[in-house]
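Residue numbers (the numbering used here): 42 to 346.
For each residue, glycine too, the CB sits at the ideal point set by N, CA and C.
Below is one structure, written out as structure tokens; the observations come after it.
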Amino acid sequence: MECLTTFFVSFSSQVCAIAHITAKTMPHEDAECKKGSEPNIHDPPTRELSVVVPSYNEENRLPLMMDEALDYLEKRQKKDPSFTYEVIVVNDGSKDQTAKVAKEYCKKYGSDKVRVISLEKNRGKGGAVRTGVFSSRGKKILMADADGATKFADIEKVEEGLKNLRPWPKGMAISCGSRAHLEKDSIAKRSYFRTLLMYGFHFLVWFLCVKEIRDTQCGFKLLTREAALQTFSNLHIERWAFDVELLYIAQRLKIPIAEVAVNWTEIEGSKLVPFWSWLQMGRDLLFIRLRYMTGAWKLEAKKCN
Numbered sequence: 042m043e044c045l046t047t048f049f050v051s052f053s054s055q056v057c058a059i060a061h062i063t064a065k066t067m068p069h070e071d072a073e074c075k076k077g078s079e080p081n082i083h084d085p086p087t088r089e090l091s092v093v094v095p096s097y098n099e100e101n102r103l104p105l106m107m108d109e110a111l112d113y114l115e116k117r118q119k120k121d122p123s124f125t126y127e128v129i130v131v132n133d134g135s136k137d138q139t140a141k142v143a144k145e146y147c148k149k150y151g152s153d154k155v156r157v158i159s160l161e162k163n164r165g166k167g168g169a170v171r172t173g174v175f176s177s178r179g180k181k182i183l184m185a186d187a188d189g190a191t192k193f194a195d196i197e198k199v200e201e202g203l204k205n206l207r208p209w210p211k212g213m214a215i216s217c218g219s220r221a222h223l224e225k226d227s228i229a230k231r232s233y234f235r236t237l238l239m240y241g242f243h244f245l246v247w248f249l250c251v252k253e254i255r256d257t258q259c260g261f262k263l264l265t266r267e268a269a270l271q272t273f274s275n276l277h278i279e280r281w282a283f284d285v286e287l288l289y290i291a292q293r294l295k296i297p298i299a300e301v302a303v304n305w306t307e308i309e310g311s312k313l314v315p316f317w318s319w320l321q322m323g324r325d326l327l328f329i330r331l332r333y334m335t336g337a338w339k340l341e342a343k344k345c346n
């Protein structure tokens, strides 16, 4: 028993040391938002809403999402001319015609309403969303997946969730779309292996990082501008587990978070590879906890201009 305890302590120490030594920071935000460039997350907002759409090889799925989103946004603006918006498509190093498809919407709606940011190399969903957020102009910033799995009109639900969190401390609040209410139906359609992976991932999220949010991975999240600045400026994870770190940071900064049920439909063409993606996410969850715990990653307060 004593030998087992010694082994466990030694192994844990080695894992913590590896997590600390191998910790990397995201590219410094000044490299992405150079001083004097426009627009910039540090500047005062000039739009009511920014929609950030991370896109990697999405030439087939992006049009349906963009048509639905822009149809909703245009109708909303006609009803309320004071409502202003922008959609930022972040082309995450795609190898297909994603950028070309997105630019067609720039031509149709104008570059003031639709912008395309193209990254030369694929950085992962977290890196793409972070780039879009840093270039946003909205008072509120919505993350929305390119597959259109969540009905865009459900933005009204997450907006209501955000409103219910008032008063926002230092102007910060986050409202997360959630598929937790659909869990029973999704389990019935999944294999036992995928269900086991899902439960394992949920347990690790709860045990290591985020205890109050049932669905951390839904790609439909609405943040106030100040909350987006503080969380994304401290974000390190660039790939699938970035949502968990985002919410972990928010909890550490005592940013209020709402979880709101939204409509969701599984769309074919997911980039998530069941076993390997879950394995990578599990590793990232462990490292999120250990790297903040050992001080390899630290939270820093950012200031808006």
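Return the Cβ separation of residue i and residue j in integer angstroms, given the expectation that the two are a contact with Cβ distance under 8 Å.
i: Lys166; j: Trp281; result: 7 Å
i: Leu340; j: Val285; result: Leu340 to Val285, Cβ: 15 Å. No contact.
i: Ala190; j: Ser159; result: The pair is not a contact, with the Cβ atoms about 23 Å apart (cut-off 8 Å).
i: Ile296; j: Met213; result: 5 Å
i: Arg330; j: Leu249; result: 4 Å
i: Ile215; j: Lys262; result: 6 Å
Given that a residue counts as buried once 16 or more other Cβ atoms are within 10 Å of its Cβ, and exposed if not, what is residue i?
i: Ala185; result: buried
i: Asn81; result: buried
i: Glu99; result: buried
i: Glu115; result: exposed
i: Met106; result: buried
i: Phe244; result: exposed
i: Pro210; result: exposed
i: Gly336; result: exposed
i: Gly241; result: exposed
i: Met322; result: buried
i: Glu201; result: exposed
What would DSSP say about residue i, mapped onto helix, strand or coil?
i: Gly179; result: strand
i: Lys198; result: helix
i: Ile296; result: coil
i: Cys217; result: strand
i: Glu73; result: Reliability of the predicted coordinates at Glu73 is poor, the pLDDT of 46 falling under 50, and the value obtained from them is presented with this limitation in mind. Looking at Glu73 - three-state DSSP - the assignment turns out to be helix.
i: Arg324; result: helix
i: Trp281; result: coil
i: Ala169; result: helix
i: Lys262; result: strand
i: Val174; result: helix
i: Arg231; result: Its pLDDT being 49, under 50, Arg231 is placed unreliably in this model, and the coordinates cannot settle the point.
i: Ile158; result: strand
i: Val246; result: helix
Excluding the 5 residues preceding and the 5 following residue i in the sequence, name in chain order all residues of the same chain whose CB lies nearer than 7 Å to its CB.
i: Lys343; result: Leu270, Gln271 and Ser274
i: Asn163; result: Tyr97, Asp133 and Gly134
i: Asn205; result: Ala299
i: Leu288; result: Val251, Ile254, Thr257 and Ile298
i: Thr87; result: Arg178
i: Asp137; result: Asn98 and Glu100
Using C-beta distances below 6 Å, list every residue in its chain close to residue i, excluding the 5 sequence neighbours before and after it, in chain order.
i: Phe124; result: Glu89, Arg117 and Gln118
i: Val415; result: The displayed coordinates of the chain run from 42 to 346. Any statement about residue 415 would go beyond what the structure contains.
i: Gln258; result: Asp284
i: Asp256; result: Ser219, Arg220 and Ala221
i: Ala143; result: Val130 and Val157
i: Leu203; result: Ala214, Ser216 and Leu263
Which runs of the alpha helix (DSSP H), 4 residues or longer, sit entirely within the region 77-139? 103-120
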